[in-house]
């Protein structure tokens, strides 16, 4: 597609359940980022994928969070045993990373509510 | 870790006024980015800056990459109601690190 696509757009889950959030990056973009945005806050970096390199997981807040990127394209962010503090908007972005051109383009996000 | 500060946190201006907002960091970045976020949407890139001292314009927007590589500013001239939103700066080496945002309200 033309832009970064995220699904679902909204997710309500019960505390303790696992959730999977999906990101389809812009075709040809080799870099993919996940961020979390709590209500009224800035963007908190979670994880970064670049090509076939090992992902940078330094932003993941706990071992309940994990992410995969299959075939260098689609990415899934998984949150296990969700807690109420996980409620936030989860944003995915991709970038070309060719030469000096590195601007990240964002999807609309998945709004996660843990009840 | 790397942290960015943005000022002001929020601003209320009259339509037609010029706006100036600032971003500072304790770390050096190779790239500075300015994004705007509308409610319910992801951030949208406004301006990208790649070189210390670089001054770039995009319509009514002007942004500069500070010569110390630790700061950047964004100016909006002749504000209009659709300028309302949250403006984020981001400094980037490998990964864009975002500031907390400046919330802009424009009074018609």
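Residue numbers (this note's numbering), protein chains in the order written: chain A, 62 to 176; chain B, 15 to 122. Heads up, the beta-carbon is just placed ideally off N, CA and C, and yes, glycines get one too.
* the segment 57 to 81 of chain B: positions lying closer than 9 Å to chain A by Cβ -> 57, 58, 59, 62 and 64
* Going by Cα to Cα distance, which pick from B/107, B/100 and B/85 is closest to residue 114 of chain B? -> B/100
* Option nearest residue 130 of chain A by Cα separation, candidates A/111, A/70 and A/141 -> A/111
* To do: Output the distance between the C-alpha atoms of residue 152 of chain A and residue 56 of chain B, rounded to the nearest integer angstrom.
  => 7 Å
* Asked: For residue 79 of chain A, is the classification buried or exposed, using 16 other Cβ atoms within 10 angstroms of its Cβ as the cut-off for buried?
  -> exposed
* Asked: Name the DSSP bridge partner or partners of residue 105 of chain B?
  -> B/46 and B/111
* Asked: Would you say the segment 138 to 147 of chain A touches the segment 29 to 49 of chain B, given that touching needs at least three Cβ pairs under 8 Å?
  -> no
* For residue 75 of chain A and residue 125 of chain A, the rounded distance between their alpha carbons -> 15 Å
* **residue 115 of chain B at chain A interface by Cβ criterion, 8 Å** => yes
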